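Presented below is the structure to which this report refers.
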Amino acid sequence: MTVSSAPGKVYLFGEHAVVYGEPAVPCAIERRATVSVEARDDDHVRVEASDLSLDGFTVEYAGATDGRPDVDVPASLVEAAMGYVDAAVEQAREAVDRPDAGFDISVESSIPLGAGLGSSAAVTVAGIDAATRELGHELPVRELANRAYRAEAAVQDGQASRADTFCSALGGAVRVEGDDCRAIEAPNLPLVVGFDGGAGDTGELVAGVRALKAEYDFAADTVSTIGNLVRTGEQILDPENEAEGSLAELGRLMNFNHGLLASLGVSSRSLDSMVWAAREAGAHGAKLTGAGGGGCIVALDPTPETLTALQFTPGCEEAFRAELATDGVRREA
Ligand code: MEV
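Spelled out as structure tokens, the structure:
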């Protein structure tokens with residue numbers, strides 16, 4: 001049995017705009033998906049998933065995954081999880097040139113699905129890594145990130161950037177602009193996450209922004225403004241420029257970024273109310289993270305105030321401090 005894990009992430013800046021070639025800065029956090037893989041003698045794939053924030057499920061299939069067996073969890077959850085596992089299996093088979101390889105796969109994740117914390121990227125990265133190693137082939141991390149990106153893009157109808165998968169494979173803070181992906185140095189920021197218990201449909205949300213951008217020049221300008229904001233934010237993050245008050249300035253830019261995302265229609269009442277609860281508690285700044293529509297916000301606050309405020313905010317199901325994950329993919333066994 002081969003086991004790999006990979007971290008989730010929050011976006012300090014730049015989600016959505018990154019899909020159109022603007023830069024983004026996601027940052028890996030210590031919430032991981034762990035995937036265990038055992039090769040089979042046939043070409044079947046059996047997937048067992050637990051802790052995917054709802055009940056676990058087990059499915060077994062051969063070949064295409066349509067017409068899947070009945071399982072006792074919402075179809076959307078199975079679809080979401082299975083789509084990424086399927087795409088990861090395809091990438092692993094292709095990487096080792098074993099199109100008929102079968103696997104028993106077990107996924108355990110402490111990253112809520114579809115909530116903006118990069119659960120799909122983490123499962124995809126860890127899945128490809130464990131499946132290829134199980135077949136005796138260790139992929140260099142950049143190739144792993146590239147294959148995970150292709151898997152995500154396939155599931156999201158080609159509408160994905162490299163940001164989530166690159167960040168999960170490498171760990172730490174990264175900067176992604178088109179195909180240019182690099183690790184950056186960033187201070188260990190006092191990140192607080194609020195989760196509304198919900199999820200957004202990334203494909204739909206990305207398509208919504210694309211449609212607005214095509215219809216209105218000012219929506220296209222909003223996307224480029226997010227890119228400019230990211231360029232300013234990365235200057236402040238650069239440890240060489242660290243100055244008194246830089247946390248406050250980063251927070252101000254996060255607030256700005258949230259407003260721009262909201263104007264593109266990807267926020268929600270519960271995300272806005274968690275953002276406002278964090279700001280009123282004295283956070284330097286707060287924004288939604290990931291595709292939006294529901295899920296998580298991220299705030300900057302070195303004091304306990306934001307965490308406490310979020311815990312008492314109606315609509316917030318869970319709040320926690322997020323530590324920067326310096327490790328990306330981890331080869332556990
Ligand atoms: C989703 O986590 C982030 C988006 O920018 C989509 C992507 O980058 O693929 C909305």
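In terms of the UniProt record's numbering, the sequence shown is residues 1 to 333. Just so you know, even glycine gets a beta-carbon here, dropped at the ideal spot from N, CA and C. These numbers come from a predicted model, not from an experiment.
Which of helix, strand or coil DSSP assigns to residue i
i	result
residue 258	helix
residue 297	strand
residue 70	With a pLDDT of only 43 at residue 70, under 50, the local geometry of the prediction cannot be trusted, and the value read off the model is given with reservation. Here residue 70 sits in coil by DSSP.
residue 200	coil
residue 172	coil
residue 328	coil
residue 3	strand
residue 222	helix
residue 336	For the chain, the structure presents residues 1 to 333; residue 336 sits outside this window and is missing.
residue 99	coil
residue 127	helix
residue 290	coil
residue 285	strand
residue 307	helix
residue 227	helix
residue 156	coil
residue 239	helix
residue 189	coil
residue 90	helix
residue 22	coil
residue 313	coil
Inter-residue Cα distance where the pair is residue i and residue j
i	j	result
residue 133	residue 9	24 Å
residue 249	residue 270	25 Å
residue 54	residue 240	Bear in mind that the predicted position of residue 54 carries a pLDDT of just 41, short of 50, making it unreliable; the figure below should be weighed with that in mind. For residue 54 and residue 240, the distance between alpha carbons rounds to 43 Å.
residue 289	residue 11	5 Å
residue 199	residue 235	32 Å
residue 238	residue 45	45 Å
residue 333	residue 279	42 Å
residue 143	residue 312	43 Å
residue 89	residue 317	33 Å
residue 176	residue 2	30 Å
residue 14	residue 32	22 Å
residue 18	residue 47	32 Å
residue 202	residue 257	18 Å
residue 304	residue 167	27 Å
residue 331	residue 307	32 Å
residue 84	residue 37	15 Å
residue 147	residue 180	15 Å
residue 268	residue 255	15 Å
residue 327	residue 263	34 Å
residue 173	residue 29	9 Å
residue 188	residue 82	34 Å
residue 115	residue 123	14 Å
residue 182	residue 242	20 Å
residue 43	residue 94	14 Å
residue 126	residue 104	14 Å
residue 20	residue 41	43 Å
residue 184	residue 221	27 Å
residue 27	residue 159	21 Å
residue 138	residue 214	42 Å
Own chain, CB closer than 8 Å to residue i, minus 5 neighbours either side, in chain order
i	result
residue 135	39, 92, 96, 98 and 101
residue 22	14, 177, 223, 224, 226, 227 and 230
residue 24	11, 13, 14, 15, 17, 18, 161, 163, 175, 176, 177 and 230
residue 302	190 and 247
residue 272	262
residue 209	16, 19, 219, 223, 264, 265 and 266
Same chain, Cβ closer than 6 Å to residue i, neighbours up to 5 away in sequence not counted
i	result
residue 193	296, 298, 320 and 322
residue 149	162 and 165
residue 121	164, 165 and 168
Residue i - partner residues in DSSP beta bridges
i	result
residue 319	194
residue 132	BP columns for residue 132 are empty, so no partner.
residue 104	38 and 46
residue 9	28
residue 184	173
residue 33	6 and 109
Proximity of residue i and residue j at Cβ, strictly below 7 Å
i	j	result
residue 34	residue 152	no
residue 7	residue 325	yes
residue 154	residue 87	yes
residue 247	residue 284	yes
residue 50	residue 129	no
residue 286	residue 310	no
residue 169	residue 275	no
residue 315	residue 196	yes
residue 233	residue 253	yes
residue 293	residue 205	yes
residue 251	residue 300	yes
Spatial neighbours of residue i in its chain, beta-carbon cut-off 7 Å, leaving aside the 5 residues before and after
i	result
residue 157	203
residue 212	219, 264 and 265
Any non-hydrogen atom of the ligand ATP within 6 Å of residue i CB
i	result
residue 8	Of the ligands one can find in the structure shown, namely the ligand MEV, none is the ligand ATP.
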